[in-house]
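Asker: This is the structure I want to talk about, given as structure tokens.
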Amino acid sequence: DQYLFKYANTQSENHPRSKSMVFFKNTLEKASQGKIKVELYFSGVLGKEAEVLDMVKMGTVQGCRGGLFERANKKYLMYTLPFMFEDADTVVAVMRSDLGKRINKGAMANGFYIPATGVAGGMRNITCSKRPVRTVADLKGLKMRTPPIDVTIRTFKALGANPQQVAYTETYMALKTGVVDGQENPFSNAVDMKFYEAQKYLSVVNWQVHPDPLYVNPAWYNRLPNDLKAVFDAVAEATMIYSDTIWLNSEQNYFNTLKEKLEVNHCDPSARKDFVKGVKSVWQYYVDEGYFTWDEINEALTIAAKQ
Amino acid sequence: MQDLMKIEQFANRILEFLVTALFFAILVLTIILVILRYGFNAAIIGGNEAMEYMFIYTTAIGAAVSLGKGEHIKISFLLDRWKRPLRNAINIVNYVLIAFINTVMIKYSFGWIRSAGGFESPVLRIPNWIVQVSVPIGCGLAVLYCLNHVCIEIRNCRSSAKD
Amino acid sequence: MFILLASLAVCLALGIPIAYSLGLSGFVYFAVVHPDILSILPQRFLAGMDSYAMIALPLFVLMGLLMNAGGITSRLIDFSLLFVGRLRGGLGAVNVFASMVFGGISGSSVSDTASIGAVLIPEMKKKGYTAEFASGITVASSTMGMIIPPSVPMIIYALVSEESVGKLFLGSLIPGVVIGVLMLGITIMVSYYKKYPREEITLTRKQKIDRTRQSILALIMPVFVVGAVVFGIATATESAGVGVLYAFLIGTFVLRQLKFRAIPPLMRDSIMTSANVMIIIALSKLYIWILALERVPQAVALFISGLELPTFVILLSIDLIILITGTFVDVSPAILLLTPVFLPSMAVLGVSRVQFGVILITGLAVGLVTPPVGMCLNVASAISKLGIGTIFRAAIPFLLANIITLILITYVPQLSGWLPSLFFE
Ligand code: NA
Ligand code: NA
Numbered sequence: 001d002q003y004l005f006k007y008a009n010t011q012s013e014n015h016p017r018s019k020s021m022v023f024f025k026n027t028l029e030k031a032s033q034g035k036i037k038v039e040l041y042f043s044g045v046l047g048k049e050a051e052v053l054d055m056v057k058m059g060t061v062q063g064c065r066g067g068l069f070e071r072a073n074k075k076y077l078m079y080t081l082p083f084m085f086e087d088a089d090t091v092v093a094v095m096r097s098d099l100g101k102r103i104n105k106g107a108m109a110n111g112f113y114i115p116a117t118g119v120a121g122g123m124r125n126i127t128c129s130k131r132p133v134r135t136v137a138d139l140k141g142l143k144m145r146t147p148p149i150d151v152t153i154r155t156f157k158a159l160g161a162n163p164q165q166v167a168y169t170e171t172y173m174a175l176k177t178g179v180v181d182g183q184e185n186p187f188s189n190a191v192d193m194k195f196y197e198a199q200k201y202l203s204v205v206n207w208q209v210h211p212d213p214l215y216v217n218p219a220w221y222n223r224l225p226n227d228l229k230a231v232f233d234a235v236a237e238a239t240m241i242y243s244d245t246i247w248l249n250s251e252q253n254y255f256n257t258l259k260e261k262l263e264v265n266h267c268d269p270s271a272r273k274d275f276v277k278g279v280k281s282v283w284q285y286y287v288d289e290g291y292f293t294w295d296e297i298n299e300a301l302t303i304a305a306k307q
Numbered sequence: 001m002q003d004l005m006k007i008e009q010f011a012n013r014i015l016e017f018l019v020t021a022l023f024f025a026i027l028v029l030t031i032i033l034v035i036l037r038y039g040f041n042a043a044i045i046g047g048n049e050a051m052e053y054m055f056i057y058t059t060a061i062g063a064a065v066s067l068g069k070g071e072h073i074k075i076s077f078l079l080d081r082w083k084r085p086l087r088n089a090i091n092i093v094n095y096v097l098i099a100f101i102n103t104v105m106i107k108y109s110f111g112w113i114r115s116a117g118g119f120e121s122p123v124l125r126i127p128n129w130i131v132q133v134s135v136p137i138g139c140g141l142a143v144l145y146c147l148n149h150v151c152i153e154i155r156n157c158r159s160s161a162k163d
Numbered sequence: 001m002f003i004l005l006a007s008l009a010v011c012l013a014l015g016i017p018i019a020y021s022l023g024l025s026g027f028v029y030f031a032v033v034h035p036d037i038l039s040i041l042p043q044r045f046l047a048g049m050d051s052y053a054m055i056a057l058p059l060f061v062l063m064g065l066l067m068n069a070g071g072i073t074s075r076l077i078d079f080s081l082l083f084v085g086r087l088r089g090g091l092g093a094v095n096v097f098a099s100m101v102f103g104g105i106s107g108s109s110v111s112d113t114a115s116i117g118a119v120l121i122p123e124m125k126k127k128g129y130t131a132e133f134a135s136g137i138t139v140a141s142s143t144m145g146m147i148i149p150p151s152v153p154m155i156i157y158a159l160v161s162e163e164s165v166g167k168l169f170l171g172s173l174i175p176g177v178v179i180g181v182l183m184l185g186i187t188i189m190v191s192y193y194k195k196y197p198r199e200e201i202t203l204t205r206k207q208k209i210d211r212t213r214q215s216i217l218a219l220i221m222p223v224f225v226v227g228a229v230v231f232g233i234a235t236a237t238e239s240a241g242v243g244v245l246y247a248f249l250i251g252t253f254v255l256r257q258l259k260f261r262a263i264p265p266l267m268r269d270s271i272m273t274s275a276n277v278m279i280i281i282a283l284s285k286l287y288i289w290i291l292a293l294e295r296v297p298q299a300v301a302l303f304i305s306g307l308e309l310p311t312f313v314i315l316l317s318i319d320l321i322i323l324i325t326g327t328f329v330d331v332s333p334a335i336l337l338l339t340p341v342f343l344p345s346m347a348v349l350g351v352s353r354v355q356f357g358v359i360l361i362t363g364l365a366v367g368l369v370t371p372p373v374g375m376c377l378n379v380a381s382a383i384s385k386l387g388i389g390t391i392f393r394a395a396i397p398f399l400l401a402n403i404i405t406l407i408l409i410t411y412v413p414q415l416s417g418w419l420p421s422l423f424f425e
């Protein structure tokens, strides 16, 4: 028990991310024959995502999961490019490919060891009170609540919508009173926050997904003897596979709930091409800024196309 | 004694002006954001983030100034019971302790800024260190105010001993 | 844990400011228990100062100051006189009623004591009320300032509990009004007993209409500020900002009492007040982090469920803990300390996040009027030149209203839950 792994995330204990970390704890403690002990801190008790990420880097805690993946490696942003992947399974395939492993390794340069990456929930989709979003034209002028994330704001601006920043907890009322017309989130959030009560249409456009790296403090990892390193890596990979499975399954259940509450439309292939065309400027922006190259985008698209 | 007080009052005026100016900027930005949203259906991207960062500086600097003025919220009913020389001594101990905790903050902020200062903020993409240095700046000012008051209290002790 | 609490007690007793006492005892804890993670101190400190929502604090304070300087406060008191002045103990009733109205504008009880006390305490003394009665009723009724929305403490609670500010504002409206009504009743009873006078209202019809019209300009403000937050039209910070603009416009152009030159010092005072509160919040973040690391909330939850006591006894004990904490700790750090410790246990007891928030804020408000640490007492003592103990004793009968309401909202969830459910379902 000389190796203590303190881990934190901001979700509550019933959340798929937390549940998969309980799996991590049980599996790792058993596989290491009790040599590694895991302490889990959920519900953000140790701080917000950015703060806990700092702590992992400094070694105050040893591991965490959450957003802000750019801080580990700017190339993670590639997974979040708008309309790049058609569904969550293709993203997962890219994450587990050699390209995905290279991106994980690249995080070492910024002080994070990332043994595996999964997806943070299902694809993000649009709900709206005004009209279904079938084509790019439908988004024009819609007031969309977006989180304060650069890619998201750029995407909705590029598509002619009007992104508005509203705190997550106040979004329900903002939707209900028409301060904003719509929002974008995975199905699970739309159900948890009861957004469907204030919305009419659900447009399954699968516009984006977020990666979910397991951040580990490298100094802590390097202190492990080689056999425990191997055990740790294996359990980490198994945990992220388990996490993807339970999280995506739960998304499917949430989708079924939403189907009963909202008018659902899917995005047809030709409309999707228009969306992709509409957001190419966003892709180009990040290439210009040096986040990743067109070669890397194309490599990811090739892996995705094989799915 | 007079000179130390004068320097401090001068510092107070400059720092309070700075803090008030930041607050004015926050206020104006708040109102502009609302007007833009409802008047022009527009937004300043990153406006909220900028407000947040200015607000951090008002706290870090304002709290240091309050130390000099003795305006912090505290429980003083026990302290008030002591007689003059002992109260002076306790005051000196307090200022030393406050200077100490602020020095600790400064000491550890260097490693922290080196390790996490390069991260960028999510919207404005400002590097973190610009916000993080508010800690050593605020704490540094607090230490200076404490040292100044330790000097003032020591002189007070001496002059009351002469009486 | 013992080291943490003991060193905090020593620091506080020495008279070290609350903020730095929290910081110092946190340091002692780390130095003794976890010297390896001392490096976390500056990060926790910054995390505590970093809050968009708390920008509402200096804005609400500034709004209150502008209203005093612009003559809005005195108009509101005139207006209250028209309403309840003819009751027995008229000025006492006016004091309570004005606090209810003013509570709907200001976000804090301390500014309520300062604004209303400065006008009414001297006025009541002139009319033959004792200084004790005048000060006691002022501090007790000002507790409504942070219960009736808008409320800065509620915004702090919303942050910690991740509950919607709009829901919390709606939830605390009825409890706040209940306190006001009970206090009016107590005032009238005490005034009969002490034979305090009724107020003659000698205004002409036209004067009455004028005063009402001017007051309505001021009364639109709370409806607007709270409405904007509840309906998601603006954040609490934004509505406080617009409230500042509105108070400025009315004071300058309608009532013509606000001078441009008077504004910068008011701005300085508001932001310095904010810095003094925010530094406490910043350093209590460190403390809360230690509580989480030590898994104190889980221990508390386990302890509570292990007691096997009936729910109503547990709830009553939590009320008591809130009251006792409020007696010794200032409101904002108390919210930050108690919420993470008790909120996880509340769901099991059938208490919603909104209800717990209203219970917490109502209970802590009492602490503002109890020695040894009572911000409202300090302010009233400066105005009336009475000792804080004297003012507290005079306030006791009125505080009954707070205690009764606290018990009511603890056992009747509808009092805090009904209004939010109307809007949020
Ligand atoms: Na209020
Ligand atoms: Na108290």
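Protein chains in written order, with my numbering: chain A, 1 to 307; chain B, 1 to 163; chain C, 1 to 425. The C-beta atom is built at its ideal place from N, Cα and C for all residues, glycine as well. From a predicted model like this one, the values you see are computed outputs, not experimental measurements.
#1: Consider the Cβ of I149 of chain A: report whether some Cβ of chain D lies at a distance smaller than 8 Å.
#2: Give the DSSP bridge partners of R65 of chain A, in chain order.
#3: Where do the N-terminal and C-terminal ends of the beta strand (DSSP E) with S164 of chain C fall, by residue?
#4: Quick check: is the beta carbon of P340 of chain C nearer than 8 Å to any beta carbon in chain A?
#5: Between which two residues does the beta strand (DSSP E) harbouring W207 of chain A extend?
#6: Please list, in chain order, all residues of the same chain as I451 of chain C whose beta carbon is under 7 Å from its beta carbon, the five residues on each side excluded.
#7: Note down, in chain order, every chain C residue with its Cβ under 9 Å from the Cβ of A174 of chain A.
#8: Comparing the C-beta of A13 of chain C with each C-beta of chain B, is any distance below 8 Å?
#9: Since I45 of chain B meets chain A, which of its residues come closer than 7 Å, beta carbon to beta carbon?
#10: Looking at the C-beta of K306 of chain A, does it have a partner C-beta in chain B at a distance below 8 Å?
#11: When DSSP builds the beta bridges, which residues end up paired with E263 of chain A?
#12: In chain order, what residues of the stretch 100–111 of chain B put their CB closer than 7 Å to some CB of chain C?
#13: Kindly indicate if chain A contains any beta-carbon less than 8 Å away from that of E163 of chain C.
#14: Relative to the C-alpha of I148 of chain C, which candidate in C:L336, C:L91, C:L368 and C:S172 has its C-alpha closest?
#15: Under a Cβ-count criterion, where at least 16 other Cβ atoms within 10 Å of its own Cβ denotes burial, should T293 of chain A be classed as buried or exposed?
#16: Given that a residue counts as buried once 16 or more other Cβ atoms are within 10 Å of its Cβ, and exposed if not, what is L258 of chain A?
#17: Quick one: what does DSSP say A161 of chain A is sitting in, helix, strand or coil?
#18: Is the separation between the beta-carbon of I16 of chain C and that of L24 of chain C shorter than 8 Å?
#19: With C-beta atoms as the reference, is G104 of chain C less than 8 Å away from T187 of chain C?
#20: Listing by chain order, which chain C residues have their CB less than 9 Å from the CB of Y41 of chain A?
#21: Count the other CB atoms, across all protein chains shown, that sit within 10 Å of the CB of E51 of chain A; report buried if there are 16 or more and exposed otherwise.
#22: In terms of residues, what are the limits of the alpha helix (DSSP H) holding N185 of chain A?
#23: Tell me whether A8 of chain A sits in a helix, a strand or coil according to DSSP, three-state version.
#24: So, is W418 of chain C buried or exposed, given that buried needs 16 or more other C-beta atoms within 10 angstroms?
#25: Measure how close the beta-carbons of A158 of chain A and V38 of chain A come, nearest whole angstrom, since I'm counting them as under 8 Å.
#26: With which residues is E39 of chain A paired in a DSSP beta bridge?
#27: Using three-state DSSP, classify V348 of chain C as helix, strand or coil.
#28: Verify whether the separation of the beta carbon atoms of D89 of chain A and N206 of chain A is less than 8 Å.
#29: Am I right that G326 of chain C and L364 of chain C are in contact with their C-beta atoms under 8 Å? What's the rounded C-beta distance?
#30: Taking the alpha-carbon positions, what's the N73 of chain A to M108 of chain A distance?
#31: Any idea what DSSP makes of E146 of chain A, helix, strand or coil?
#32: Give me the residue from A:L28, A:Y201, A:D192 and A:N104 with the minimum Cα distance to D181 of chain A.
#33: Which residues in the same chain as V92 of chain A place their Cβ atom closer than 8 Å to its Cβ, once the five residues preceding and following it in sequence are excluded?
#34: Show which residues of chain A have a CB atom less than 7 Å away from the CB atom of G304 of chain C.
#35: Mark M1 of chain C as exposed unless 16 or more other C-beta atoms lie within 10 angstroms of its C-beta, in which case mark it buried.
#36: Can you tell which of C:I391, C:A395 and C:L415 has its C-alpha closest to the C-alpha of G357 of chain C?
Answerer: This is what the structure gives:
#1: Absent from the structure is chain D; the protein chains it does hold are A, B and C.
#2: A:L214
#3: Run containing S164 of chain C: none; DSSP gives neither H nor E here.
#4: yes
#5: Y201 to Q208
#6: Since the first and last residues shown for chain C are 1 and 425, residue 451 of chain C lies out of range.
#7: F231, G232 and I233
#8: yes
#9: I153
#10: no
#11: A:Y201
#12: I101, V104, M105, Y108, S109 and G111
#13: yes
#14: C:S172
#15: exposed
#16: buried
#17: coil
#18: yes
#19: no
#20: A292, L293 and R295
#21: buried
#22: Segment G182 to N185 is the beta strand (DSSP E) holding N185 of chain A; no alpha helix (DSSP H) there.
#23: strand
#24: exposed
#25: Actually they do not touch by this definition, with Cβ atoms about 43 Å apart.
#26: A:K6
#27: coil
#28: no
#29: 4 Å
#30: 8 Å
#31: This sequence places Thr at residue 146 of chain A; Glu is not what is there. Here T146 of chain A sits in strand by DSSP.
#32: A:Y201
#33: G118, V119 and D244
#34: Note on identity: in this sequence residue 304 of chain C is Ile, with Gly being the wrong assignment. Result: empty, since nearest Cβ-Cβ is about 18 Å, beyond 7 Å.
#35: exposed
#36: C:L415
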